[in-house]
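Peer 1:
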Amino acid sequence: RCEMAEEHHRHSQLYFCFRALKDNVTHAHLQQIRRNLAHRQHGVTLLHRFWNLWQSQIEEKKEREQLPLLHAAWDHYRIALLCKCIKLWLQYTQKRR
Numbered sequence: 008r009c010e011m012a013e014e015h016h017r018h019s020q021l022y023f024c025f026r027a028l029k030d031n032v033t034h035a036h037l038q039q040i041r042r043n044l045a046h047r048q049h050g051v052t053l054l055h056r057f058w059n060l061w062q063s064q065i066e067e068k069k070e071r072e073q074l075p076l077l078h079a080a081w082d083h084y085r086i087a088l089l090c091k092c093i094k095l096w097l098q099y100t101q102k103r104r
């Protein structure tokens with residue numbers, strides 16, 4: 008009877024140890040998967056950040072190149088509007104005479 012109890016105790020301890028080992032291996036495997044995913048995500052995030060920075064710099068360069076044309080268009084619009092206003096004002100004053 009004592010031998011059966013010792014055998015049962017030894018069997019329970021072995022079962023507990025192997026179960027703990029299995030859980031530890033599973034945990035280590037999950038940790039490795041998480042590390043790999045984090046590393047991959049970091050690479051993707053870095054790539055997105057530099058891609059967006061590069062695109063932004065290209066857009067800013069295009070805007071700087073277009074700035075003289077934009078100023079010329081604003082000047083043309085301002086002068087055309089002023090000419091139209093003066094022309095209408097002259098027509099109005101001539102009608103009043």
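Residue numbers for the sequence shown follow the working numbering, so the first one is 8 and each next one is one higher. Note that CB positions come from ideal geometry on N, CA and C, so glycine has one too. Given the structure is predicted, the values throughout are model-derived calculations rather than measurements.
From what residue to what residue does the alpha helix (DSSP H) around R71 run?
Peer 2: Looking at the DSSP string, the run of the alpha helix (DSSP H) that includes R71 is 9 to 103.
Peer 1: Suppose you measure from the CA of I93 to the CA of Y99; what does that come to, to the nearest Å?
Peer 2: Going from the Cα of I93 to the Cα of Y99 covers about 10 Å.
Peer 1: From R103 to L97, what distance separates their C-alpha atoms?
Peer 2: Cα-Cα distance, rounded: 10 Å.
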